[in-house]
Structures are given as structure tokens and as C-alpha cells.
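Notes follow once the structure below has been shown.
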């Protein structure tokens with residue numbers, strides 16, 4: 273899935289697509305070469321993070337696609353993504369992460385660059401992360417910078433913003449499958465109104481390769497802190513334990529997510 277998303281992102285940015293076989297061969301080699309740096313972890317909070325990158329390297333200035341590209345993968349041991357371990361707070365920003373019908377669904381640097389200033393601003397205001405709304409109505413939740421968004425509503429439905437202008441996260445897809453197939457929840461991928469979240473959400477959490485599953489206790493919107501932790505993070509903890517259990521091979525892997533590298 274990561275390989276296919278990388279290829280799609282290359283296509284979206286007018287770069288040559290790295291085929292799945294070449295991508296996976298590179299991943300295997302990088303992991304083997306850096307195996308000594310894989311941290312020991314009991315709770316899944318530490319890992320060897322892999323970041324595939326493709327950049328233009330043609331020695332020419334100009335606003336056009338390059339004729340030469342370099343594909344490489346960074347590997348680094350990492351800990352928790354957010355500075356504060358456990359539960360975090362979010363603040364809705366009036367900055368838009370990606371334009372409608374733009375590059376929001378690509379794993380591209382441009383989508384992260386625009387999040388730097390809002391993140392700095394909300395941190396200075398005392399919050400841990402920025403929450404981005406849609407560009408058309410400034411009403412519907414999209415992402416939290418580098419993480420996808422989920423909310424458990426009063427009727428027991430787990431909702432997450434629909435794809436199109438957001439990154440199709442691999443962890444997002446994993447959570448949807450676990451919630452539906454192992455926890456029996458109704459999951460809806462749809463427009464998620466920020467007012468609906470602030471008024472009715474029983475639980476909110478973010479997810480991503482770095483964030484894994486991170487609970488949110490409050491969301492600042494329109495000058496008010498809205499508490500979104502009535503369920504006391506119960507679902508997030510259950511999903512986290514199930515996902516990490518599969519990743520650490522403590523539980524069965526019915527989806528064949530685990531790739532053994534030798």
C-alpha cells in the first residue's frame with residue numbers, strides 16, 4: 273500500500289513512478305542495512321522510521337518538471353511523534369492545508385510546508401497541534417497536519433473525513449478495517465462538520481505512521497475549548513492495542529500486514 277501510494281504521489285507531482293518491486297527492494301535493503309538501529313519497544317512507541325523520497329536533480333532552474341530524479345529512503349530510530357506523550361490538544365486554524373482539486377491527496381512536501389506556520393502559532397497559544405478545515409466552506413475537518421482524523425459520535429458511529437483532498441493514510445485504512453471487522457463499528461467516510469465534532473463527539477483521535485493512534489482531549493474552535501473526551505479514550509486505546517499487537521506479532525495478522533525481512 274505504501275509503495276502504491278508513493279507511485280501515485282510521484283504521478284501527481286509529474287515524477288517518474290517508482291514501481292512496487294523496486295520500492296520494496298529498496299525498503300528491504302534499507303531495513304537490513306540499518307537493523308542495528310531498530311529500537312526495542314514494548315508498547316510500539318519507538319520504531320525504525322522509513323521515509324522514501326523522490327526529488328528532481330537536473331542542474332537547471334525553471335518552473336517545470338525535471339528530466340532527472342533521485343529516489344532514496346531515509347531510516348531513523350524514532351519515538352512518539354508529538355512532544356507530549358499520551359493525550360494532546362488541537363486548535364482549529366484558519367489556514368488551509370491544500371486547495372480543493374489540488375495536491376492534498378499526494379504524499380508531497382508542499383502539503384507539509386504550509387502546516388509549519390500554523391503549528392508554530394497553535395503551539396505558542398498552548399495547543400499541541402493544528403486542525404485544518406476544508407478550503408471551500410472552512411467548515412469540514414480535513415487533517416491535523418501530518419495525521420488523519422477520527423471521531424466517535426454519540427450514536428456510536430466512527431467518522432473520518434472522506435478522501436479526495438486529504439492523504440489516504442495507511443494507518444487510517446488499517447483503523448477503518450479494524451473498527452469494522454474486529455470491533456463491529458459502523459464507520460463512515462464523509463464530510464465531518466467541525467461543529468458536529470465539537471458538540472457531539474464522544475472521542476477524537478489522530479492516526480498516522482508517526483502519530484500511530486493519538487487521543488485528543490480538547491479542540492479549540494471559535495474561541496472556545498471543546499472537550500471531546502467523554503468516552504475517556506477507550507476506543508483509541510482498544511484500536512491502538514490491537515494495531516500494535518499485530519505489528520509486534522503478539523496477535524494474529526489476518527490481513528497479512530507484516531512483511532518479514534531477511
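Numbering (my numbering), first residue to last: 273 to 534.
Note that the Cβ used here is the ideal one computed from N, Cα and C, for glycine as well.
Measuring straight from C-alpha to C-alpha, what distance separates residue 409 and residue 368?
Each residue's alpha carbon lies about 11 Å from the other.
Is residue 359 near residue 497, with beta carbons less than 8 Å apart?
no
What's the C-alpha gap between residue 299 and residue 345?
7 Å
My output table needs one value for residue 490: the three-state DSSP class, helix, strand or coil.
strand
Is the segment 479-489 touching the segment 435-451 in the sense that three or more CB pairs, one from each, lie closer than 8 Å?
yes
Hey, how far is the Cα of residue 469 from the Cα of residue 275?
33 Å
With a floor of 4 residues, list each alpha helix (DSSP H) that falls wholly inside the segment 279-311, ordered by position along the chain.
292-305
By the DSSP assignment, the alpha helix (DSSP H) with residue 446 in it spans what residues?
442-453
Measure the alpha-carbon distance for residue 385 versus residue 370 and round it to whole angstroms.
10 Å
In chain order, what residues of the same chain lie with their CB nearer than 8 Å to the CB of residue 465, ignoring the 5 residues before and after it?
411, 412 and 413
Inter-residue spacing [alpha-carbon to alpha-carbon] between residue 289 and residue 338
13 Å
On the CB-based measure, 16 or more other CB atoms within 10 Å of its CB, does residue 421 come out buried or exposed?
Answer is buried; the Cβ neighbour count reaches 16.
Excluding sequence positions up to five away, which residues of its chain have a Cβ less than 6 Å from the Cβ of residue 434?
The answer, listed in chain order, is 461 and 462.
What's the C-alpha gap between residue 286 and residue 502?
45 Å
Within 10 Å of its beta-carbon, does residue 400 have 16 or more other beta-carbons around it, so buried, or fewer, so exposed?
buried
Give every residue of the same chain whose Cβ lies closer than 6 Å to the Cβ of residue 305, excluding the five residues on either side of it in the sequence, and list them in chain order.
For residue 305, where only same-chain residues beyond five positions count, there are no Cβ hits under 6 Å.
Inter-residue spacing [alpha-carbon to alpha-carbon] between residue 279 and residue 292
8 Å
Is residue 379 closer than 8 Å to residue 332 when the C-beta atoms are compared?
no
Quick one, which of 284, 324 and 313 has its alpha-carbon nearest residue 294's?
324
Nearest to residue 479 (by Cα), restricted to the options 330, 352 and 329
352
Applying the 10 Å Cβ sphere with the 16-neighbour rule, what's the burial state of residue 366?
exposed
Do residue 481 and residue 442 have their C-beta atoms closer together than 8 Å?
Their beta carbons are under 8 Å apart, which means residue 481 touches residue 442 by this criterion.
Whose C-alpha, out of 505, 283, 364 and 530, is nearest the C-alpha of residue 327?
Comparing Cα-Cα distances from residue 327 to each of 505, 283, 364 and 530, the minimum goes to 283.
Residue 332 - DSSP class collapsed to helix/strand/coil:
Of the three classes helix, strand and coil, the one that applies to residue 332 here is coil, per DSSP.
Kindly indicate which residue of 508, 522, 476 and 531 has the alpha-carbon position closest to the one of residue 313.
522
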